[in-house]
Each structure stands twice: as structure tokens, then as C-alpha cells.
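Novice: Numbering (our numbering), first residue to last: 310 to 478.
Have a look at this one before I ask anything.
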């Protein structure tokens, strides 16, 4: 079948692009439900809200290791909407791996964070040590979103983040 512009469609008249968009939306919705903590035993809340430690505050680790100062600087900068502080948390040649994109250097990180991070909320659920840094289980909620869980793996160099590898949980 073809639509009025001559492009192929399925039996319901949907274009290939429309089908892909619908499929991606469905996968994203499923991932959000799963990532947001559909496991009540893990989050302690059947709604999937992330667990918070009573002594750690809204952005403190719920379990595990203490968040390193550079990691804390990143989390605080996100929640304070402080772009300069977020960029300063990184080494000069720091890198962000945002799922599959590599953003390297403070200028590139500034541009990325200004458009994709600042304005959102970041809650640290758990902190676990890893070689050269820390693996954070977080609840990330971009502005206007209820958010989802993700792993933020921070590798440190001195008192700065060398690599922030951000992946969906």
C-alpha cells in the first residue's frame, strides 16, 4: 500500500517512520516503567519512586559508599541549576558518555549540560565503589518528566570527574 505521497504504508495506512516512532515510544514507555523502579522491594514504594535514605537528604546515597566530592559537586550542580559548577566538576579534558554519545572537554560538556541537564532533578539512590571511581544508581528526571533510573559511572582524576558514563538502568 502507498499513501497519497506515494510512500509505502502498512494495512492501517501508517508510514514506516510513523511505525518506528510508535515503536520507539512504546519501548521508551516500557523502559521508563521498568527503570523507574517497578520493583517495590528495591524502591520501597509500589509507585516506583526511588528510595531515599532518611539521613542522607533528598540527593544522598541510600546505601553503599559515600559519594566522592566531585560526584557530589555534579549532583548538587544539577539540582541547583548551576551550569558553571557542573562544568567545574569535570577535568579540563573530561568526557561524558551519554548513552552512546561522547562529549569531551569542558566547552562541549557546558553546551550538552545547558541543553540537556540543567533544569532537571537528580537523586542518588545508591553508591557503589568501582575501579577508579563510583557507580551511582540515580533517579534522573529531566525538566517536565517523571524520570527514570540510570547508572552514572564516574571515573575520577584527582578531585574532578574524568569520565561520566551515563546509562539507563
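We treat Cβ as the ideally placed atom computed from N, Cα and C, and that holds for glycine.
Model, not experiment: these values are computed from the prediction.
Counting only the same chain and skipping the five closest in sequence on each side, list residues whose C-beta sits under 6 Å from that of residue 439.
Specialist: Along the chain shown, one-based indexing puts residue 439 at 130. Hits under 6 Å: none found.
Novice: For residue 447, does the count of other Cβ atoms within 10 angstroms reach 16, so buried, or fall short, so exposed?
Specialist: What you label residue 447 is simply residue 138 of the chain shown in a count that begins at 1. When all chains shown are included, residue 447 counts as buried.
Novice: Need the endpoints of the alpha helix (DSSP H) that residue 389 sits in, please.
Specialist: Mapped onto the chain shown, residue 389 falls at position 80. Per DSSP, residue 389 belongs to the alpha helix (DSSP H) from 378-389.
Novice: Between 407, 418, 404, which lies nearest to residue 393 when the distance is taken from Cα to Cα?
Specialist: Locating residue 393 in the chain shown gives position 84, counting from the first residue. Of the candidates 407, 418, 404, the one whose C-alpha sits nearest the C-alpha of residue 393 is 418.
Novice: Since I believe residue 472 is in contact with residue 406 (beta carbons under 8 Å), could you give me their beta-carbon distance rounded to a whole number of angstroms?
Specialist: Taking the chain shown and counting its residues from 1, one reaches residue 406 at position 97. Taking the chain shown and counting its residues from 1, one reaches residue 472 at position 163. Contact holds; Cβ gap of about 7 Å.
Novice: Return the first residue and the last residue of the alpha helix (DSSP H) that residue 420 is part of.
Specialist: In the chain shown, residue 420 corresponds to position 111, counting from 1. It spans 415-425 - the alpha helix (DSSP H) in which residue 420 sits, taken as one unbroken run.
Novice: Beta strand (DSSP E) containing residue 471: first to last residue?
Specialist: In the chain shown, the residue the question calls residue 471 occupies position 162. Note, residue 471: beta strand (DSSP E), 469-477.
Novice: Under 8 Å by Cβ, that's how I've got residue 398 and residue 374 pegged, so tell me the actual separation to the nearest angstrom.
Specialist: Locating residue 398 in the chain shown gives position 89, counting from the first residue. Locating residue 374 in the chain shown gives position 65, counting from the first residue. Rounded, the Cβ-Cβ distance is 18 Å, inconsistent with contact.
Novice: Given this structure, state the Cα-to-Cα distance separating residue 409 from residue 421, to the nearest angstrom.
Specialist: The sequence position of residue 409 within the chain shown is 100, counting from 1. The sequence position of residue 421 within the chain shown is 112, counting from 1. So the two alpha carbons sit approximately 14 Å from each other.
Novice: Could you compute how far the alpha carbon of residue 402 sits from the alpha carbon of residue 411?
Specialist: Here residue 402 refers to the residue found at position 93 of the chain shown. Here residue 411 refers to the residue found at position 102 of the chain shown. Each residue's alpha carbon lies about 12 Å from the other.
Novice: Looking at C-alpha atoms only, which residue of 385, 429, 468 is the closest neighbour of residue 450?
Specialist: One-based indexing of the chain shown puts residue 450 at position 141. When only C-alpha atoms are compared, the closest one is 429.
Novice: Take residue 386 and list the residues in its own chain whose beta-carbon comes closer than 7 Å to its own, dropping the five residues that flank it on each side.
Specialist: Translated into the one-based positions of the chain shown, residue 386 becomes position 77. Only 394, 395, 398 meet the Cβ criterion.
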